[in-house]
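Enquirer: Here it is, the structure, as structure tokens.
2 protein chains.
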Amino acid sequence: MPVKTIWSANGDVFLLDQTLLPVRKEVLQIATVEQMWDAIKKLRVRGAPAIGVAAAYGVYVAVKKEALDNVGADLVQVARQACDYLATSRPTAVNLFWALDRVRAEIAKNSGADLTARLLDLADRIRTEDDVACREIGRHGAALLKSGDTVLTHCNAGGLATASYGTALAPVYYATEEEKKHIAVYADETRPLLQGARLTAWELKEAGIPVTVICDSMAASVMRSGRISLVIVGADRIAANGDFANKIGTYMVALAAREHGIPFYVAAPLSTVDLAVPDGDAIPIEERASEEVSEIQGVAIAPDGVQVFNPAFDVTPHDFVTAFITEKGIVQPPFASGLKAQFFK
Amino acid sequence: MPVKTIWSANGDVFLLDQTLLPVRKEVLQIATVEQMWDAIKKLRVRGAPAIGVAAAYGVYVAVKKEALDNVGADLVQVARQACDYLATSRPTAVNLFWALDRVRAEIAKNSGADLTARLLDLADRIRTEDDVACREIGRHGAALLKSGDTVLTHCNAGGLATASYGTALAPVYYATEEEKKHIAVYADETRPLLQGARLTAWELKEAGIPVTVICDSMAASVMRSGRISLVIVGADRIAANGDFANKIGTYMVALAAREHGIPFYVAAPLSTVDLAVPDGDAIPIEERASEEVSEIQGVAIAPDGVQVFNPAFDVTPHDFVTAFITEKGIVQPPFASGLKAQFFK
């Protein structure tokens, strides 16, 4: 069972600082909304579903702090500002905006009950729902796996990317733990921030699941050599037509999978589906600092001042996707109707 | 003009230690054949053509040292042993074996002249021929480039991979210097050893040619966005049918280029063509230490003891290649006849 990534205890909010893994396992207490913004921006907490949970807890800590510091403050105003502020942390994962929309709806209720308590309750609920959704993704996805299969995945869409069970790795965990199937994983290291080598390899190793780390550029030849049964990746935003944004490099994996006739699955909760976005061209792609590429753990690996291009995500067109795995089941093409239908299940 | 990578001066042999670039520019004097073996193995000197030159100088230093240390020694025997020993340094680049075959032929001549002098002369000649071949590759390849083009390349097949002018980068240098065309380059960083970020970016920056570093996994989406006019890569061994081995990740670049209708060229001297090998399946692929993937510059980036797969090269099937660029000209398909014909030009 994967480790806890973000949680509350006695009204305090904690998260595991993922930038230090696998070398150090350090828990941060988050006491201000600025700390939460920073944790999201710097990828201390990352992965689309976990970012949604983090945003909800972020609004809660903003209101809690203000209520303590400044008796009689306009907490509704503070909560709304916190929503707007947290929305600026990262642009691509839609789960952030989805969670903030739910928080805004809660704020607007303006019921008699204490706002602070309601926000904590909502954040805890979003966290629990994510747990349940991931488990359901695991259950549905496990049906696609048979004992002896080897899954290739990119980046980390495991337990560390969610409140607990993961999206892309959920079928692997479920098939292993609940169905006693033997599943092995190839983990792309996932440059620039190495979430595959640092996080996916770490959590699978902790769970006792065989994992082999490869450089991203090896995926195509590993597929060509017959080592891979299927690909499962996560998503940061899925457009209405099934085009989806995920960690940079996912598109290249999809190309290689199609070339070698290997099924390519995308696992994500419905909170990742953005029906308001018609196709992948409309998904905003975050560009990040050049130092993420030109330095690794503070060590320069490129000439000083060299030009770098560092998009954090890419868009994979829907026709590369074999099927989506959500908490409601498997979505086969055509995706435009199939994804929409999931919301009414 | 690129920097010198390996050369002799007054009978001494020197090389630029490429493992330290771009942070430090350190020249090593090579006084023993063991030092040369180590320099090849550890990639202090690397790139298929440069490895060939290094091997020839390696045999020379073996004989020179023995002649000094041990008057009356059987130098022919020493030279032959040095050939066998250096052949074990790296398995994939055929230029190593090609150069050693020339050295063996020189040894066998058994002329009256001093063997030490003949071996130095041969090594210098192989080095000069490489210079000339690279320049000719540049001249032929430059005809494929028009001003404003952007070339994507993988790994380093530049001046640092040869005695001086480069193979994949030779057309870029020639078009820029001799034809005053404006050419820009996207350099894949090329994990695990980052020869693209460390070496290609460095030598192009030194030459004043615009270069942008990207992670390997970004190549496909950079192509999809329309930024790339053509791809040029080098080769470590080209089979008789045109299948070729090059740095791991080249196959993925070829897949992406074909998907986006981008021409994909392979630039290499004829010493890289191995007519004795019918196709790519027969090319030996070197697997290297797992630490090259799990550590970067000595810093761990994956959990301790995790399983790693680290093939140093991959094979790209010939049908992904638009054309080969050799010192004799451009080779269009069908490659089986075209490559062979180059040897009789």
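Read top to bottom, the protein sequences are chains A and B.
Residue 2 is where the first sequence starts when you use our numbering, and the numbers rise one by one after that.
Residue 2 is where the second sequence starts when you use our numbering, and the numbers rise one by one after that.
Virtual Cβ for every residue (Gly too), placed ideally from N, Cα, C.
(1) Taking the DSSP output, what are the residues bridged to A:V186?
(2) What does DSSP give as the partner residue(s) for A:L231 in the beta ladder?
(3) By Cβ distance, which residues of its chain are closer than 8 Å to B:G250, with the 5 residues on each side in sequence left out?
(4) From the DSSP output, which residues share a beta bridge with B:K248?
(5) What is the DSSP secondary structure of A:Q298, reduced to helix, strand or coil?
(6) Quick one, which residues of the segment 216–244 of chain B are near chain A if we go by CB-CB under 8 Å, in chain order?
(7) In the segment 12–33 of chain B, which residues sit with their C-beta less than 8 Å from some C-beta in chain A, listed in chain order?
(8) Would you call A:V341 buried or exposed, if buried means 16 or more other Cβ atoms sit within 10 Å of its Cβ?
(9) List the residues of chain B that A:R192 touches, going by C-beta distances under 9 Å, in chain order.
(10) Under 8 Å between beta-carbons, which chain B residues line up against A:S1? List them in chain order, please.
(11) Sorted by chain position, which residues of the same chain lie with C-beta nearer than 8 Å to B:D1's C-beta, five sequence neighbours on each side aside?
(12) List, in chain order, every chain B residue whose beta-carbon is nearer than 8 Å to that of A:Q298.
(13) Locate the alpha helix (DSSP H) running through A:A347, then write down its first and last residues.
(14) What is the residue span of the beta strand (DSSP E) that B:L145 lies within?
(15) Do B:V4 and A:V214 come within 9 Å of each other at the CB atom, strictly closer than that value?
(16) Can you say whether B:F345 is buried or exposed, counting buried as having 16 or more other CB atoms within 10 angstroms of its CB?
(17) Indicate the three-state DSSP secondary structure (helix, strand or coil) for B:A49 in the structure shown.
(18) Please state the DSSP three-state secondary structure of A:I325.
(19) Going by alpha carbons, who is nearest to B:A94 out of B:Y61, B:G235 and B:F321?
(20) So the alpha helix (DSSP H) B:F265 belongs to, where does it begin and stop?
(21) If distances are taken between C-alpha atoms only, which option among A:G12, A:A10, A:N11 and A:E27 comes closest to A:D18?
(22) Let me know if B:E288 comes out buried or exposed under the rule of 16 or more other beta-carbons within 10 Å of its beta-carbon.
(23) Could you check the C-alpha separation between A:S404 and B:M253 for me, to the nearest Å?
(24) Name the DSSP beta bridge partners of B:S9, please?
(25) DSSP on A:I138, reduced to helix/strand/coil?
(26) Work out the CA separation of A:V212 and A:D13 for me, nearest whole Å.
(27) Comparing C-alpha positions only, which one of A:G139, A:G167 and A:I184 sits nearest to A:G149?
(28) Using the rule of at least 16 other Cβ atoms within 10 Å of the residue's Cβ for burial, across every protein chain shown, is B:P304 buried or exposed?
Expert: Quick answer:
(1) Taking the first residue of the first sequence as 1, we reach residue 186 of chain A at position 185. In the DSSP output, where bridge partners are listed per residue, A:V186 has A:V152 and A:V212.
(2) Taking the first sequence and counting its residues from 1, the one referred to as residue 231 of chain A is at position 230. Beta-bridge pairing links A:L231 to A:V152.
(3) By one-based count along the second sequence, residue 250 of chain B stands at place 249. Around B:G250: H155, C156, D189, T191, R192, D217 and D315.
(4) Locating residue 248 of chain B in the second sequence gives position 247, counting from the first residue. Beta-bridge pairing links B:K248 to B:F314.
(5) Here residue 298 of chain A refers to the residue found at position 297 when the first sequence is read from its first residue. Residue state, collapsed to three classes: coil.
(6) Those would be C216, D217, S218, M219, A220, A221, S222, V223 and R225, in chain order.
(7) Answer in chain order: P23 and V24.
(8) Counting from 1 along the first sequence, the entry for residue 341 of chain A is found at position 340. Here residue 341 of chain A is Lys; the residue named in the question, Val, does not match the sequence. With fewer than 16 Cβ atoms within 10 Å of its Cβ, A:K341 is classed as exposed.
(9) As a working note, residue 192 of chain A is residue 191 in the first sequence. Residues of chain B passing the Cβ test: E190, R192, C216, D217, S218 and M219.
(10) As shown, chain A starts at 2 and ends at 346. That puts residue 1 of chain A outside it, with no answer to give.
(11) Residue numbering for chain B in the displayed model covers 2 to 346; residue 1 of chain B lies beyond these limits and cannot be assessed.
(12) Counting from one through the first sequence, the residue named residue 298 of chain A turns up at place 297. Chain B residues near A:Q298: I297, V300 and I302.
(13) With chain A represented from 2 up to 346, any question about residue 347 of chain A goes unanswered, as that position is not in the structure.
(14) Here residue 145 of chain B refers to the residue found at position 144 of the second sequence. It is not in any beta strand (DSSP E) - B:L145 carries neither H nor E in the DSSP assignment.
(15) Locating residue 214 of chain A in the first sequence gives position 213, where the first residue counts as 1. Locating residue 4 of chain B in the second sequence gives position 3, where the first residue counts as 1. No.
(16) Locating residue 345 of chain B in the second sequence gives position 344, where the first residue counts as 1. By the 10 Å Cβ count, B:F345 comes out exposed.
(17) Your numbering for residue 49 of chain B matches position 48 in the second sequence. Looking at B:A49 - three-state DSSP - the assignment turns out to be helix.
(18) Residue numbering aside, residue 325 of chain A sits at position 324 when the first sequence is read from its first letter. For the sequence presented, residue 325 of chain A should be read as Phe rather than Ile. Correct three-state label for A:F325: strand.
(19) What you label residue 94 of chain B is simply residue 93 of the second sequence in a count that begins at 1. If we check each option's Cα against that of B:A94, B:G235 comes out closest.
(20) The residue given as residue 265 of chain B occupies position 264 in the second sequence. From DSSP, B:F265 is part of no alpha helix (DSSP H) but of the beta strand (DSSP E) over F265 to A268.
(21) Taking the first residue of the first sequence as position 1, residue 18 of chain A is located at position 17. Measuring from the Cα of A:D18, the nearest candidate turns out to be A:E27.
(22) Counted from its first residue, the second sequence places residue 288 of chain B at position 287. Classification of B:E288: exposed, given that the 10 Å Cβ count is below 16.
(23) The question about residue 404 of chain A has no answer, for chain A in this structure spans 2 to 346.
(24) Residue mapping note: residue 9 of chain B aligns to position 8 of the second sequence, counting from 1. Partner(s): B:V14.
(25) Within the first sequence, the letter at position 137 stands for residue 138 of chain A. Helix at A:I138.
(26) As a position in the first sequence, residue 13 of chain A is number 12, starting the count at 1. As a position in the first sequence, residue 212 of chain A is number 211, starting the count at 1. Spanning the two alpha carbons is a distance of roughly 35 Å.
(27) The residue you call residue 149 of chain A lines up with position 148 of the first sequence. The shortest C-alpha separation from A:G149 is found at A:I184.
(28) Indexing the second sequence from 1 puts residue 304 of chain B at position 303. Label assigned to B:P304: buried.
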